[in-house]
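Those protein sequences? They're chains V and W, same order as listed.
Quick note on numbering: the numbering used here labels position 95 of the first sequence as 95, and the sequence is numbered without any gaps.
Adding 110 to a residue's 1-based position in the second sequence gives its number in the numbering used here.
For every residue, glycine included, the Cβ atom is placed at its ideal position computed from N, Cα and C.
Just so it is clear, the structure is predicted and the values come from calculations on it, not from any experiment.
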Amino acid sequence: EDQVTQSPEALRLQEGESSSLNCSYTVSGLRGLFWYRQDPGKGPEFLFTLYSAGEEKEKERLKATLTKKESFLHITAPKPEDSATYLCAVHSLNAGKSTFGDGTTLTVKP
Amino acid sequence: DAGVIQSPRHEVTEMGQEVTLRCKPISGHNSLFWYRQTMMRGLELLIYFNNNVPIDDSGMPEDRFSAKMPNASFSTLKIQPSEPRDSAVYFCASSGTAVGVGYTFGSGTRLTVV
């Protein structure tokens, strides 16, 4: 069974203080690893897909990286508007669905 | 495209009443997913459909929950009878055949059962 564990559960940063969120996963053959952002009162919004170890994707202050066991979402010089819950999900080769982690709630203080 | 459309946005009902949540997926998407989100249990997959056919309903809590997808542009999730522990935010999501673009989620229905 596919498993996804995200850490930490919550992260508080000062504006400009860079950090990383972790997503550890177990799958029987990875088809794709996804990062989503969820704002309060809204549904998750797709950010990135990573397919294989060594791959990286960037969008503004966010960079996602992937190894065979985990993915990191690096946030460089975050701003208050980056505050949200970030969800990681994996889609295995034999599954017709994604398995989601519980998310990391990021708060960036000005 | 207006995205995935869910209705209602909020629903407050009394215990024992029937509740119906509705979803219109993105046109052209062939997979539809119903999720439930709570603080305690996070995002739980209830059921998903491929080409209007239910594929996996192992996440449906019990027989009080049922879901249908009569055509490619409409799905319902019904709870009968509702209980206070069903209170949660219910999301509908859809996706196309390309795995790489992830799911598109609706804005959710916040259900409160009193």
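Could you name the residues of the same chain whose beta carbon sits closer than 8 Å to that of residue 113 of chain W, not counting the 5 residues immediately before and after it, in chain order? 136, 214, 216.
Sorted by chain position, which residues of the same chain lie with C-beta nearer than 6 Å to residue 100 of chain V's C-beta, five sequence neighbours on each side aside? 87, 89
Reduced DSSP category for residue 61 of chain V - H, G, I as helix; E, B as strand; rest coil: Coil, per DSSP.
Do the segment 14-21 of chain V and the segment 175-192 of chain W touch if we need at least three Cβ pairs shorter than 8 Å? The segment 14-21 of chain V, when compared against the segment 175-192 of chain W, does not touch it at the 8 Å Cβ threshold.
Could you tell me whether the Cβ atoms of residue 1 of chain V and residue 105 of chain V are closer together than 8 Å? Contact annotation: residue 1 of chain V and residue 105 of chain V have beta-carbon atoms that are not nearer than 8 Å.
Please state if the CB of residue 97 of chain V and the CB of residue 158 of chain W are separated by a distance shorter than 8 Å. A distance below 8 Å separates the beta carbons of residue 158 of chain W and residue 97 of chain V.
Range of the contiguous beta strand (DSSP E) that encloses residue 160 of chain W: 152-160
Is the segment 63-76 of chain V close to the segment 164-176 of chain W, with three or more CB pairs under 8 Å? no
Is there at least one Cβ from chain W nearer than 8 Å to residue 57 of chain V's Cβ? no
How close, in whole Å, do the beta carbons of residue 38 of chain V and residue 85 of chain V come, if the pair is a contact with beta carbons under 8 Å? 5 Å
Based on Cα-Cα distance, which residue from V:67, V:109, V:43, V:23 lies nearest to residue 54 of chain V? V:67
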